[in-house]
Structure formats: C-alpha cells, structure tokens
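Q: Quick note, our numbering runs 3 ahead of the 1-based positions in the sequence shown. Beta carbons are placed, not taken as given, at the ideal position from N, Cα and C, and that holds for glycine. I have a structure I would like to understand better, so I am pasting it below and will then ask my questions one at a time.
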Amino acid sequence: MTPPTAVRMMPAQMTPAQQRAAAQIRAQLTLAVRYDDESVVADKWIRQRYDCGCFASFGPARKAVVATAWHEAGHAVAALAVGARFSSASIHHSHGTEGRVHGITGAGDQAFVIDAAGQLAERLMNWTMLERDDDLRAWLPTWKSDGGDARRFRTAIGPHFGTDELGAWRHCESVLTPLRLTIRQVARALLVHPRHLPHPVVAAIAAS
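Structure (structure tokens):
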C-alpha cells in the first residue's frame with residue numbers, strides 16, 4: 004500500500020471569527036519562534052492539569068500538555084493527510100481525557116492512519132521512532148487502550164493489512180514522518196491558543 008500522493012493541506016473556508024483566530028495564532032507563533040514548546044504553553048492548559056491534582060507542580064504539568072498537543076496534532080494532521088474531516092481539535096483536560104480531535108468523518112479505509120497518528124506524533128516529537136522491526140514487534144502488543152486508538156487501529160487495518168500490525172504501522176510512518184514539521188506547527192498552535200481549534204483553523208495553520 005502506497006502513501007497518499009498528495010497531502011490535502013488546503014485551508015477550508017473560514018468564518019470571520021476563525022480568520023481572526025488563525026491570524027492571532029500565526030502572530031503568536033511568529034513571536035514564539037525562538038522558544039521551545041514548553042515555553043509557549045498557555046497558562047490555562049497548565050493550570051487545568053495542576054489544579055485537578057494530577058501533577059505535583061507546574062513543570063510536569065507543562066510537559067504533559069506538550070505531549071498531549073503533539074498527540075492531538077498528530078491525529079489532526081493525519082486526518083488532513085488522508086482527506087478526512089473533523090469538527091475541532093483540543094487539548095482541554097477533563098475526566099478521562101487529555102485532549103481530543105472531535106467528530107472525525109470521511110477517513111474511509113485510511114482511518115487506521117489517524118488512529119496510529121497520536122502515538123507516532125509523540126515519537127516524532129523526540130525522534131524516538133522504533134526503527135528496528137524486532138523492537139516494533141515487541142512494542143506493538145504493549146500498545147493498549149490509548150483512548151481507544153489501539154483497538155480502532157487493529158480493527159481498521161483489516162482491509163489492507165489483515166493482521167499485519169507491523170506493516171500497517173510502517174505505512175503510517177511513511178505518511179506522517181514527512182509531515183513532522185506540520186505536526187509541530189499544529190501542536191504549537193494548540194499550545195498557545197487557550198481554546199479549541201475548529202477544523203478550518205487547523206487546516207489553515209497546517210497549510211502555512
């Protein structure tokens with residue numbers, strides 16, 4: 004199975020409010036270009052995780068926000084890459100979830116790419132990819148739950164890969180690794196903006 008030949012990063016039509024939000028985010032990202040991801044996290048996202056008692060201090064909470072942003076950015080960019088749509092992406096912390104890409108539709112037989120994209124994006128964040136097949140074979144059975152991503156991935160690979168999880172995972176890598184900088188841009192947009200990002204705004208940020 005070959006990766007998509009053209010990644011669909013064309014921005015969707017935006018409302019005036021969404022245009023303003025995208026412009027504001029771009030301006031913030033330009034100002035923050037010299038800072039690392041942890042330095043640009045909006046205070047709201049840190050306090051959500053600290054105030055619930057999930058972390059003992061702001062430092063670990065900040066690191067958790069960054070990992071979540073990359074994870075959700077992976078899902079969002081993968082959706083754009085395979086031509087799917089979604090309503091919004093968020094790193095809002097609540098009971099049972101650290102963030103979510105909401106209302107994904109139209110993924111078809113490429114849904115498994117979106118399912119794997121959160122884990123892959125976290126690995127792309129620090130270049131901790133499992134390059135040796137033996138290492139990947141050992142890790143894949145340990146990938147469970149993950150908000151349902153692991154279960155959906157194993158169900159969705161059937162039409163193209165049957166039960167070949169390794170082959171399906173390598174395909175996902177071939178789609179997403181070239182999009183690492185796009186994932187990072189969307190992750191940073193999620194970090195600096197203290198609200199959810201609608202699909203057209205994410206598409207515009209990804210296209211830029």
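Less than 8 Å between the C-beta atoms of THR200 and LEU193, yes or no?
A: Start at 1 with the first residue of the sequence shown, and residue 200 comes out as number 197. Start at 1 with the first residue of the sequence shown, and residue 193 comes out as number 190. Position check: residue 200 holds Leu in this sequence, whereas Thr was assumed. A contact, by the Cβ cut-off of 8 Å.
Q: If the criterion is Cβ atoms closer than 8 Å, does the pair PHE58 and ALA67 meet it?
A: Taking the sequence shown and counting its residues from 1, one reaches residue 58 at position 55. Taking the sequence shown and counting its residues from 1, one reaches residue 67 at position 64. Cβ distance < 8 Å, so PHE58 and ALA67 count as in contact.
Q: In or out: ASP152 buried (at least 16 other Cβ within 10 Å) or exposed?
A: As a first step, residue 152 is located in the sequence shown; it is residue number 149 there, counting from the start. So ASP152 ends up on the buried side.
Q: Going by beta carbon distance, what residues of the same chain come within less than 6 Å of VAL116, once the five residues before and after it are set aside?
A: Taking the sequence shown and counting its residues from 1, one reaches residue 116 at position 113. Answer for VAL116: ALA81, VAL85, CYS175, VAL178, listed in chain order.
Q: By Cβ distance below 8 Å, which residues in the same chain neighbour ARG155 in space, the five residues on each side in sequence not counted?
A: Numbered from its first residue, the sequence shown carries residue 155 at position 152. Around ARG155: ALA114, PHE115, ASP118.
Q: In chain order, what residues of the same chain lie with their CB nearer than 7 Å to the CB of ALA159, ignoring the 5 residues before and after it?
A: Within the sequence shown, the letter at position 156 stands for residue 159. ALA114, PHE115, ASP118.
Q: What does the alpha-carbon distance come out to for the pair ALA9 and LYS47?
A: Locating residue 9 in the sequence shown gives position 6, where the first residue counts as 1. Locating residue 47 in the sequence shown gives position 44, where the first residue counts as 1. In this predicted model, ALA9 has a pLDDT of only 41, less than 50, meaning its place in the structure is not dependable; the value taken from the coordinates is given anyway. For ALA9 and LYS47, the distance between alpha carbons rounds to 36 Å.
Q: Among GLN21, VAL43, ARG140, ALA206, which has the Cα closest to the Cα of GLU168?
A: Here residue 168 refers to the residue found at position 165 when the sequence shown is read from its first residue. It is ARG140 whose Cα lies nearest to the Cα of GLU168.
Q: Does the beta-carbon distance from GLY77 to LEU123 come in below 8 Å?
A: Numbered from 1 along the sequence shown, position 74 holds the residue referred to as residue 77. Numbered from 1 along the sequence shown, position 120 holds the residue referred to as residue 123. In contact: GLY77 and LEU123 (Cβ atoms closer than 8 Å).
Q: Look up ILE140 in the DSSP assignment and say whether it is helix, strand or coil.
A: For the purposes of this step, residue 140 is taken as residue 137 along the sequence shown, with counting starting at 1. The residue asked about is misnamed: residue 140 is Arg in this sequence, not Ile. Note: ARG140 maps to helix in three-state DSSP.
Q: Can you tell which of GLY106, ARG173, ALA210 has its C-alpha closest to the C-alpha of ARG135?
A: Locating residue 135 in the sequence shown gives position 132, counting from the first residue. Of the candidates GLY106, ARG173, ALA210, the one whose C-alpha sits nearest the C-alpha of ARG135 is ARG173.
Q: Skipping 5 residues on each side, what residues in its chain have a beta carbon closer than 6 Å to that of VAL44?
A: Reading the sequence shown from its first residue, position 41 is the one you call residue 44. ARG65, VAL68, LEU194, listed in sequence order.
Q: In or out: GLU101 buried (at least 16 other Cβ within 10 Å) or exposed?
A: For the purposes of this step, residue 101 is identified with residue 98 of the sequence shown, where counting begins at 1. Answer is buried; the Cβ neighbour count reaches 16.
Q: Who pairs with LEU200 in a beta bridge, going by DSSP?
A: Position 197 of the sequence shown holds residue 200. In the DSSP output, where bridge partners are listed per residue, LEU200 has ALA92.
Q: Can you check the region 116-185 for any alpha helix (DSSP H) of at least 4 residues that lies completely inside it and give the ranges in chain order?
A: 136-142, 152-159, 161-164, 168-179, all fully within the region 116-185.
Q: Among residues of its own chain, excluding the 5 on either side of TRP73, which ones have a beta-carbon nearer than 7 Å to its beta-carbon?
A: For this step, residue 73 is matched to residue 70 along the sequence shown. Around TRP73: ALA124, GLU125, MET128, ILE186, ALA190.
Q: Do HIS202 and SER90 have their C-beta atoms closer together than 8 Å?
A: Position 199 of the sequence shown, counted from the start, is the residue given in the question as residue 202. Position 87 of the sequence shown, counted from the start, is the residue given in the question as residue 90. Yes, they are a contact pair.
Q: Mind checking ARG23: buried by the 16 CB within 10 Å criterion, or exposed?
A: Counting from one through the sequence shown, the residue named residue 23 turns up at place 20. Counting Cβ neighbours within 10 Å, ARG23 comes out exposed, since fewer than 16 surround it.
Q: In terms of alpha-carbon separation, which member of VAL204, ALA207, SER211, ARG198 lies closest to ALA94?
A: Residue numbering aside, residue 94 sits at position 91 when the sequence shown is read from its first letter. In the sequence as presented, Ala is not what sits at residue 94; that position holds Ile. When only C-alpha atoms are compared, the closest one is ARG198.
Q: Distance check for GLY161 and LYS147, CA to CA, integer angstroms please.
A: Counting from one through the sequence shown, the residue named residue 147 turns up at place 144. Counting from one through the sequence shown, the residue named residue 161 turns up at place 158. Going from the Cα of LYS147 to the Cα of GLY161 covers about 18 Å.
Q: Give me the Cα-Cα distance between VAL36 and GLY111, rounded to the nearest whole angstrom.
A: In the sequence shown, counting from the first residue as 1, residue 36 sits at position 33. In the sequence shown, counting from the first residue as 1, residue 111 sits at position 108. If you take the alpha carbons of VAL36 and GLY111, they lie about 36 Å apart.
Q: What does a CB cutoff of less than 7 Å around GLY106 pick up in its chain, not counting 5 residues either side in sequence?
A: Residue mapping note: residue 106 aligns to position 103 of the sequence shown, counting from 1. So the list reads PHE89, SER90, once near-sequence residues are dropped.
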